[in-house]
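Numbered per the working numbering, the sequence shown spans residues 122 to 551. In this text, a Cβ means the ideal position worked out from N, Cα and C, and glycines have one as well. Before any comments, here is the structure.
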Amino acid sequence: MHGLVPPGIPKIQNILVARPAFVTQLSQIVVEDANTRTLQTYLIWRTVWKYLDTLGEEFIAPRRRLYAKLLGLEVRARHPRWQFCLSQVDASLGFLLGRYFLKENMDERAAVQVEDVIKSLTDTFMSRLDQLDWVAAKDEDNIANKMKYMDAEVGYPRSGPDMGSSISLAEYYEKVDVDRAHFFQNVLGANQAAVKRSWAHLREPTGAWPWDITPQHLGLEYHPSLNKLEVPGAMLGAPFYETYAPEYLNYGSLGVTISHATLEGFDTIGRLINDEGRIGSWWSNETREAYDRKSKCFASQYSGFSVQGPDGKEYHVDGERTLSSNIADNGGLLLAYISWQQRFESGNYNNKLLPGLDAWTRDQLFYINFARMWCSKSTAENDMHDVLVGMHAPDKWRVNGAVMNSEHFASAFSCPVNSAMNPRNKCSLW
122 MHGLVPPGIP
132 KIQNILVARP
142 AFVTQLSQIV
152 VEDANTRTLQ
162 TYLIWRTVWK
172 YLDTLGEEFI
182 APRRRLYAKL
192 LGLEVRARHP
202 RWQFCLSQVD
212 ASLGFLLGRY
222 FLKENMDERA
232 AVQVEDVIKS
242 LTDTFMSRLD
252 QLDWVAAKDE
262 DNIANKMKYM
272 DAEVGYPRSG
282 PDMGSSISLA
292 EYYEKVDVDR
302 AHFFQNVLGA
312 NQAAVKRSWA
322 HLREPTGAWP
332 WDITPQHLGL
342 EYHPSLNKLE
352 VPGAMLGAPF
362 YETYAPEYLN
372 YGSLGVTISH
382 ATLEGFDTIG
392 RLINDEGRIG
402 SWWSNETREA
412 YDRKSKCFAS
422 QYSGFSVQGP
432 DGKEYHVDGE
442 RTLSSNIADN
452 GGLLLAYISW
462 QQRFESGNYN
472 NKLLPGLDAW
482 TRDQLFYINF
492 ARMWCSKSTA
502 ENDMHDVLVG
512 MHAPDKWRVN
522 GAVMNSEHFA
532 SAFSCPVNSA
542 MNPRNKCSLW
């Protein structure tokens with residue numbers, strides 16, 4: 122490992138191996154059974170694959186044909202040139218691009234509101250702990266503290282770099298040289314600078330680490346080792362959140378998404394990390410075994426869901442591989458609904474019915490907006506590919522699977538008991 126460390130970096134004393142079994146099997150199955158030439162060729166290939174988009178049509182065309190076959194796409198289909206150019210700038214100078222995005226799109230009122238949403242979701246989580254039959258009383262404080270001390274940053278990072286400071290951004294990208302005449306060298310140089318910045322954080326306090334995502338990124342990030350939630354500015358606008366929209370819509374979309382992300386801190390991996398980022402067995406055997414027993418219901422239920430492949434056959438979801446995501450989907454939906462319901466009953470928040478939507482109740486619109494976040498269209502090949510290798514259930518089942526387990530959903534839509542959307546046997550955990 123020391124041979125991989127760049128010059129000038131302090132000697133590494135300890136290495137945290139998050140997946141020991143992977144490293145062991147990699148050594149036994151791959152390294153020991155392959156000759157040096159094969160390994161060298163593989164590493165060269167991975168490098169070529171990483172930079173494929175920057176090498177021109179001669180290199181990109183074979184990959185396009187591969188993806189067309191795998192995902193059921195037209196070989197001729199390609200993104201417009203402006204999208205390619207924008208993606209390359211985003212990948213190399215994402216935070217700099219993010220500064221301009223924030224200038225045009227950042228709504229500070231939305232950021233303040235979303236911080237309040239996060240607090241309400243956190244309070245709901247904490248208030249329910251003593252109601253969960255699988256959490257032993259002696260473990261409640263450990264679990265509560267992790268949620269209580271979660272660091273949530275909304276909109277943009279405040280350090281490494283500070284998006285509000287042009288000086289901070291200039292220092293962050295000072296090692297990146299840009300030459301109009303050499304596109305590939307620009308990309309290579311930006312990647313090299315990023316690797317050096319990453320190594321420079323060795324032995325620094327974790328709070329100084331930069332975001333893994335940029336403000337213009339669509340999606341949230343939760344880091345179990347940092348106990349940190351990142352909500353980028355792009356998530357503070359439609360269709361995820363709107364400042365003047367009623368809360369039953371905002372909680373059905375961004376509220377559920379935030380709850381899902383935070384519950385990753387308590388899945389089979391997250392539960393091994395405490396609020397300070399230390400790895401260990403922080404739950405008692407009693408709580409851990411009870412969690413595992415209840416999670417088997419989700420594994421079995423989702424394994425019964427399927428999609429139709431291009432050959433007309435049914436391909437089933439892997440309930441074990443997608444388990445953490447499925448539990449977070451279900452728990453996130455429940456916590457967001459309860460949080461919204463409590464605020465609605467207080468009468469202190471905007472929950473007015475909107476013109477044109479008066480055919481539905483507020484409860485129904487909460488679930489409709491949740492489902493709307495997962496509206497998608499895909500080919501049978503893509504669906505099959507996602508089921509075979511994906512870490513999440515297909516979009517259809519991320520929606521239907523979660524609402525099938527919801528008593529509130531069944532009540533809101535008056536679903537008959539034991540109907541498709543209201544099965545008698547439901548899975549629950551949070």
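Among residues of its own chain, excluding the 5 on either side of residue 488, which ones have a beta-carbon nearer than 7 Å to its beta-carbon?
-> Taking the first residue of the sequence shown as 1, we reach residue 488 at position 367. Correct list, in chain order: 373, 524, 530, 533.
N- and C-terminal bounds of the beta strand (DSSP E) containing residue 436 | Here residue 436 refers to the residue found at position 315 of the sequence shown. Counted as a single uninterrupted DSSP element, the beta strand (DSSP E) harbouring residue 436 occupies residues 435-437.
Touch test, the stretch 303-314 against the stretch 275-291, Cβ-Cβ under 8 Å, three pairs minimum = Contact fails between the stretch 303-314 and the stretch 275-291, because fewer than three Cβ pairs, one in each stretch, are under 8 Å apart.
Could you give the distance in angstroms between the alpha-carbon of residue 157 and the alpha-carbon of residue 165?
-> Locating residue 157 in the sequence shown gives position 36, counting from the first residue. Locating residue 165 in the sequence shown gives position 44, counting from the first residue. Roughly 12 Å separates the two Cα atoms.
Answer yes if the stretch 373-393 comes into contact with the stretch 487-501, meaning at least three C-beta pairs across the two stretches below 8 Å, and no otherwise.
-> Yes, the stretch 487-501 is in contact with the stretch 373-393.
Cβ pair residue 272, residue 350 closer than 9 Å = Walking along the sequence shown from the start, residue 272 turns up at place 151. Walking along the sequence shown from the start, residue 350 turns up at place 229. In contact: residue 272 and residue 350 (Cβ atoms closer than 9 Å).
If you run the structure through DSSP and keep just helix, strand and coil, what is residue 312?
-> By 1-based counting over the sequence shown, the position of residue 312 is 191. Residue 312: helix per DSSP, three-state reduction.
Backbone CA spacing between residue 548 and residue 365 [nearest angstrom] = Looking up residue 548 in the sequence shown gives position 427. Looking up residue 365 in the sequence shown gives position 244. Spanning the two alpha carbons is a distance of roughly 35 Å.
Assuming residue 392 and residue 404 form a contact by the criterion Cβ under 8 Å, report the distance between their Cβ atoms to the nearest whole angstrom.
-> Position 271 of the sequence shown, counted from the start, is the residue given in the question as residue 392. Position 283 of the sequence shown, counted from the start, is the residue given in the question as residue 404. Separation of the CB atoms of residue 392 and residue 404 is rounded to 5 Å, and the pair is thereby assigned contact status at 8 Å.
Between the CA atoms of residue 449 and residue 386 - distance to the nearest angstrom = Position 265 of the sequence shown, counting from 1, holds the residue named residue 386. Position 328 of the sequence shown, counting from 1, holds the residue named residue 449. Approximately 10 Å, taken between the alpha carbons.
Are three or more beta carbon pairs between the stretch 474-485 and the stretch 334-349 nearer than 8 Å?
-> no
Anyone know if the C-beta pair for residue 147 and residue 354 falls short of 9 Å?
-> Taking the sequence shown and counting its residues from 1, the one referred to as residue 147 is at position 26. Taking the sequence shown and counting its residues from 1, the one referred to as residue 354 is at position 233. Contact flag unset, no.
When the Cα of residue 214 is compared with those of 518, 293, 139, 416, which residue comes out closest?
-> Sequence index remark: in the sequence shown, residue 214 carries index 93 (1-based). Comparing Cα positions, the closest option is 293.
Hey, would you say the C-beta of residue 453 is under 8 Å away from at least one heavy atom of the ligand NAP?
-> You won't find the ligand NAP in this model; it holds no ligand whatsoever.
Note down, in chain order, each residue of its chain lying with its Cβ closer than 6 Å to the Cβ of residue 425, except the 5 sequence neighbours on either side.
-> One-based indexing of the sequence shown puts residue 425 at position 304. So no residue of the chain qualifies.
Kindly identify the DSSP beta-bridge partner or partners of residue 349.
-> Counting from one through the sequence shown, the residue named residue 349 turns up at place 228. Bridge partners of residue 349: 272, 344.
Would you mind reading off the limits of the beta strand (DSSP E) that contains residue 428?
-> As a working note, residue 428 is residue 307 in the sequence shown. 427-429 is the extent of the beta strand (DSSP E) around residue 428.
Would you kindly work out how many angstroms separate the C-alpha atoms of residue 247 and residue 184, rounded to a whole number?
-> Counting from one through the sequence shown, the residue named residue 247 turns up at place 126. Counting from one through the sequence shown, the residue named residue 184 turns up at place 63. Computed Cα separation, rounded: 48 Å.
Residue closest to residue 296, alpha-carbon to alpha-carbon, out of 303, 288, 317 | The count along the sequence shown starts at 1 and reaches residue 296 at position 175. Of 303, 288, 317, the residue nearest in Cα terms is 317.
Going by DSSP, what residues sit across from residue 543 in a beta bridge?
-> Residue mapping note: residue 543 aligns to position 422 of the sequence shown, counting from 1. DSSP lists 540 as partners of residue 543.
What does DSSP give as the partner residues of residue 400 in its beta bridges?
-> On the sequence shown, residue 400 is found 279 positions in, with the first residue counted as 1. Here residue 400 is bridged, per DSSP, to 394.
Residue 306 burial status per 10 Å Cβ neighbour count (16 or more: buried) | Numbered from its first residue, the sequence shown carries residue 306 at position 185. Answer is exposed; the Cβ neighbour count stays below 16.
Looking at the structure shown, is residue 194 part of a helix, part of a strand, or coil, going by DSSP?
-> In the sequence shown, the residue the question calls residue 194 occupies position 73. The answer is coil: DSSP assigns residue 194 none of H, G, I, E or B.
When you compare only the Cα positions, how much space is there between residue 538 and residue 226?
-> Locating residue 538 in the sequence shown gives position 417, where the first residue counts as 1. Locating residue 226 in the sequence shown gives position 105, where the first residue counts as 1. Rounded to the nearest whole angstrom, the C-alpha separation of residue 538 and residue 226 is 46 Å.
Looking only at C-alpha atoms, which of 367, 514, 251, 443 sits nearest to residue 472?
-> For the purposes of this step, residue 472 is taken as the residue at position 351 of the sequence shown. When each option's Cα is compared against that of residue 472, the closest is 367.
Would you kindly report the start and end of the unbroken alpha helix (DSSP H) that includes residue 225?
-> Indexing the sequence shown from 1 puts residue 225 at position 104. Note, residue 225: alpha helix (DSSP H), 202-226.
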